[in-house]
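A.B. asks: Counted the way our numbering counts, the sequence shown spans residues 1 to 109.
The C-beta atom is built at its ideal place from N, Cα and C for all residues, glycine as well.
After the structure tokens below, expect a handful of questions from me.
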Amino acid sequence: MSFVTPLLLQILPTVHLLLGLFLAFWTVAFLLRIVLTWYPQVDLNAGGWRLIAWPTEPVLALSRKLVAPIGGVDVTPVIWVGLISLVRELLVGQQGLLSQILMHAQAMA
């Protein structure tokens, strides 16, 4: 593991935590978007819904160009929950890449 430098070992726990929190927030935001597809009358530009719409809508708008609604239902939030969950597990999950580097570095110390 020659690519793991002392500087990387110092910042890796912070990066691991922040990336995990960011991906968890995004997962929850997309889960809320899934629930909100059941209520099309909700205005996403009003109140606290803006906190959910602001980070998710640009990504969903691009995905809607590639994936058409199925039976009139927008499935793009479901796709993004799956993708984000996969990335989160691969990077910061129990067997994730960053988690394994951290555990290996702690074992070597």
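#1: DSSP beta-bridge partners for valine 73?
#2: Would you mind sorting valine 28 into buried or exposed? The rule is 16 or more other CB atoms within 10 Å of its CB.
#3: Please return the same chain residues whose Cβ sits closer than 8 angstroms to the Cβ of threonine 37, not counting the five positions on each side in sequence.
#4: State the Cα-Cα distance for the pair tryptophan 80 and alanine 68, rounded to the nearest angstrom.
#5: Give every residue of the same chain whose Cβ lies closer than 6 angstroms to the Cβ of tryptophan 26, excluding the five residues on either side of it in the sequence, and list them in chain order.
#6: Helix or strand or just coil, what does DSSP make of glutamine 119?
#7: Assuming the contact rule is C-beta atoms closer than 8 angstroms, leucine 98 and leucine 12 should be a hit. Round their C-beta distance to whole Å, please.
#8: Put glycine 20 into one of helix, strand or coil per three-state DSSP.
#9: With C-beta atoms as the reference, is leucine 51 less than 8 angstroms away from arginine 33?
#10: Is DSSP giving tryptophan 26 helix, strand or coil here?
C.D. replies: With the structure as the only source:
#1: The residue you call residue 73 lines up with position 73 of the sequence shown. Valine 73 is bridged to Ile70.
#2: As a working note, residue 28 is residue 28 in the sequence shown. Exposed, by the Cβ-count rule.
#3: By one-based count along the sequence shown, residue 37 stands at place 37. Result list for threonine 37: Val73, Asp74, Pro77, in chain order.
#4: Within the sequence shown, the letter at position 80 stands for residue 80. Within the sequence shown, the letter at position 68 stands for residue 68. Cα to Cα, the separation comes out at about 14 angstroms.
#5: Within the sequence shown, numbered from 1, the residue matching residue 26 stands at position 26. Cβ neighbours of tryptophan 26 beyond the five flanking positions: Ile84.
#6: With the chain represented from 1 up to 109, any question about residue 119 goes unanswered, as that position is not in the structure.
#7: Within the sequence shown, the letter at position 98 stands for residue 98. Within the sequence shown, the letter at position 12 stands for residue 12. Indeed, because the Cβ distance is near 7 angstroms, the residues count as touching under 8 angstroms.
#8: Walking along the sequence shown from the start, residue 20 turns up at place 20. DSSP places glycine 20 in helix when its eight states are reduced to three.
#9: Here residue 51 refers to the residue found at position 51 of the sequence shown. Here residue 33 refers to the residue found at position 33 of the sequence shown. No, they are not a contact pair.
#10: Within the sequence shown, numbered from 1, the residue matching residue 26 stands at position 26. Here tryptophan 26 sits in helix by DSSP.
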